[in-house]
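Using full-length UniProt numbering, the first residue of the sequence shown is number 1, and each one after it goes up by one. Written out below as structure tokens is the structure these notes cover.
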Amino acid sequence: MAIDKKRKRSDGQGKRPKAPGASSKRQKSNAGKRVTSVNSLAWKSVEVPEMFDDAEGFYGLEEVEGVDIVREGDTVKFVAAAATESDDGEEFGGFDDAPEVNAEDSSAAEPAAAVTSKESKAQKKAPKAEGKDAQKQDDLKKDAQKSDSKAQKKEKKEKAAKAKPAKGDPELEANVFAQAADLAEVEAEDNDIDMSQWVSLDLSSQMLSSIARLKFAKPTAIQARAIPQVMNGHDVIGKAATGSGKTLAFGIPIVESWLAKRAETAEKKGPIALILSPTRELAHQISDHLKLLCAGLTTGPYICSVTGGLAVQKQQRQLEKADIVIGTPGRMWELMSSSNSVLAALRGINFLVVDEADRLLKDGHFKEAEEILKALDRTAPGEENDDSDDETPRHQRQTLVFSATFNKALQQKLAGKARFNLLGDAESLEYLLKKLNFREERPKYVDTNPVSQMAENLKEGLIQCGDLEKDLYLYAVLMLQPTRRALVFTNSINTVRRLTPFLQTLNLPAFALHSDMEQKARLRSIERFKAANPTNPQTSSSSSSSILVATDVAARGLDIPNIDLVIHYHVPRSADDYVHRSGRTARANLSGISVLLCGPKEAVPTQRLIAKVHAAAAVNTSRSKLASAGVGVHTIDIDRRLVSHLRPRVVLSKKITETSIAKERGAREDDWMKNAAEELGVEYDADELEAAGSWKGRGSGKKAREKEARAVGKSEVKQWRWELKELLGRRVNTGVSEKYLGGVDVDGLLRGARGEFLGQVEGLGL
Ligand SMILES: Nc1ncnc2c1ncn2[C@@H]1O[C@H](COP(=O)(O)OP(=O)(O)OP(=O)(O)O)[C@@H](O)[C@H]1O
């Protein structure tokens, strides 16, 4: 949370005794002020640069105006103007927690006149930050309406900007935006879409109209099957392939329930739903998807995301007025365990959603997720549930659990093909599901595709290469997809740190994403990755392609449009990870390619992984049929001439990158040693320390290489850069511009014209 510097200064002045004859203006303004609490001040988002517009809520930076901080003894008070006062002619923004800015509160419960005056006052203020939020909402909408022309998009953007919403919390603006939207346009859009396939789901007309805005003409399989179950009050465990619309499978019934409740009473009774997500990015994305859905409603629920890496105070304030909360377990538990009111409010939820359940209920998340579940079931503060919890009281909330991957044995049990014993092994998902304390004895299990977890239009390929050739093959595959959005997965943060500059040095637009990055930087990477426009063939390749190099933090749930290619630089640690990573492409019925780079040491785990992922499909189909049907992983033979052509570039880029990393690390280590020596009061001699610390054990080779790299002179690096530049300036005889590579129609192969990706395909063989 940041306080406006200008105001900080005036706060300082406020502490000093007033000079005789101090401005009467100031006295006048002070007369209309009142002491208030920090949470009820009109905080607003600090403006962020244009390119980060979509990063609403990302930075958590907020400022407040018209507030004096007055110190009395040990106490600090916030003195703000009363809502009707003006200060130096500047209209004071009021108290942002007040209901006036909340679209939903501005309806039935409020007297009409009051609402009007508040709205007009809010419109006068219409801050830029909120305008940006409207823009974001609009952008999200556009994502869903990919078919819209550029001109239409621009027009909508302008309309959204004109319909500047009320001032206040930027999150609120998502709801206010719904009110400000051009309803005539919505109706016109609705009319374009035949919504008959949604009718059997018995949704309200408001909801149908909102879905029509998104241009979703029919429900996906998981939506068609899960929505009625949820709307009939059942607990649901839903399994469906990646990118098949699971978010709205739980999102639509939750928003429907909110609409029904609101039709009964406008009185706010705390949140109706808590959605738990394993990663921060996914939590923000779910929030975006739901806001997008609600953008078509005249009045929508207040949706907030509660994740780590962002300002806690802001999230606390948002939680107090939230209708739908999406959170990561760590931050959620932090807030729940420190506030009885938050806890009490969340105990009243009607829906608990566990998205990506198999990941969320294991790994590092389990402890906090378990605490949250226990706390939700507690009947009074301080009352613990018994761990053996057969006695756990049944509650009113519905529990909805979704993922593309559930453990096979569990799937069979859920499908009623084996005994469903919830008291199983404490490590199993089965046991963890028990912790969810379903309302029903047996939740409804909806599995839209028991045979495969992979998206239908996904092509899977495998490239065998030497351990030390992965960088080369990575570059080759990326070069063969020059105007694409590609996601490269690695198993380690260090590899992300190395590969990103390696690709950048080769003039490729690569961005890094891993959990060791600051949240702000994580979100910036995603924004930049999304900013490229691969669908526009007119743009230059640098602005039409982008590459995200990531750890598995990006594997789950991320829904970034137009990712055509996923590359597994390292073979994933589990079959489920492979499914989720590959599922970042070929979403919502689009097609995509997933390529595994497999070194000799990875051959065995890869074979196991493939067998596991495609086991069910393989049972009923012969190998040759599998290959011809495009099922399974195809071996890809990239033309060796192309690879050898690219090798010199890769060698140079590696040398440049490794030298720069080694120098940086060296400088950091030197600084550390110098500081340590200074604290100990000894003299720092780098050579002496180096000699004393040298050893011949494990890792000594790497150390020696690093030392060598650190010793490389500037002129040598300059020479390498020059050579690389020269090489990069030469055309490679492949790619989109030159359609033929030694008689092979690469472009055609890339488009799948011959039913294959590249080179020879030999079924599942490795
Ligand atoms: N009925 C629909 N028709 C067309 N597109 C849809 C429909 N419902 C959702 N989508 C779009 O499909 C994409 C994937 O949806 P979503 O992110 O919910 O998938 P998911 O099943 O949760 O995937 P994952 O398992 O990877 O998390 C989104 O861009 C979403 O807007």
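Don't be surprised by glycine CBs; every beta carbon is placed ideally from N, CA and C.
Burial state of residue i, where buried means 16 or more other Cβ atoms lie within 10 Å
i, result
"G461", "buried"
"K601", "exposed"
"N340", "exposed"
"Q719", "exposed"
"residue 778", "No statement about residue 778 is possible, as the shown extent of the chain runs from 1 to 766 and does not include it."
"V579", "buried"
"R608", "exposed"
"P253", "buried"
"K269", "exposed"
"V199", "exposed"
"D192", "exposed"
"G632", "buried"
"S574", "exposed"
"V604", "exposed"
"R665", "exposed"
"S546", "buried"
"L468", "exposed"
"A611", "exposed"
"D637", "exposed"
Enclosing beta strand (DSSP E) for residue i [first to last residue]
i, result
"Q464", "L458 to Q464"
"S546", "S546 to A550"
"T635", "V633 to T635"
"D377", "Per DSSP, D377 belongs to no beta strand (DSSP E); it is in the alpha helix (DSSP H), F366 to D377."
"H284", "Looking at the DSSP string, H284 is not in any beta strand (DSSP E); the run it does join, the alpha helix (DSSP H), is R280 to C294."
"S305", "I303 to V306"
"R485", "R485 to F489"
"A357", "From DSSP, A357 is part of no beta strand (DSSP E) but of the alpha helix (DSSP H) over A357 to L360."
"L596", "G592 to C598"
Extent of the continuous alpha helix (DSSP H) run through residue i
i, result
"R528", "Q519 to A531"
"R262", "K246 to E264"
"H580", "A575 to S582"
"I222", "A221 to M231"
"L508", "Per DSSP, L508 belongs to no alpha helix (DSSP H) and is neither H nor E."
"V477", "K470 to M479"
"Q607", "A603 to V613"
"R213", "S205 to R213"
"L343", "N340 to R347"
"K269", "No alpha helix (DSSP H) contains K269, which DSSP labels as neither H nor E."
"Q719", "K714 to L728"
9 Å Cβ cutoff met for residue i and residue j
i, j, result
"D355", "I272", "no"
"F351", "F438", "no"
"V312", "L335", "yes"
"S515", "V488", "no"
"T299", "R262", "yes"
"L548", "A521", "no"
"T328", "P278", "yes"
"L503", "Y475", "yes"
"S205", "A221", "no"
"D323", "W258", "yes"
"V306", "L290", "no"
"T505", "L724", "yes"
"A455", "T635", "no"
"A357", "S403", "yes"
"Q453", "L565", "no"
"R587", "P561", "yes"
"Q229", "V401", "no"
"P219", "L208", "no"
"residue 770", "T606", "Missing from the structure shown is residue 770; the chain here goes from 1 to 766 and no further."
"residue 768", "L558", "Outside the modelled stretch of the chain, which goes from 1 to 766, sits residue 768, for which no answer is possible."
"R497", "I656", "no"
"P501", "H234", "no"
Residue i beta carbon near ligand 3 (any heavy atom closer than 8 Å)
i, result
"L458", "Ligand 3 is absent from the structure shown, which contains only ligand 1."
- [ ] Any chance you could list the alpha helix (DSSP H) runs of at least 4 consecutive residues sitting entirely within the stretch 308-332, in chain order?
- [x] 312-321
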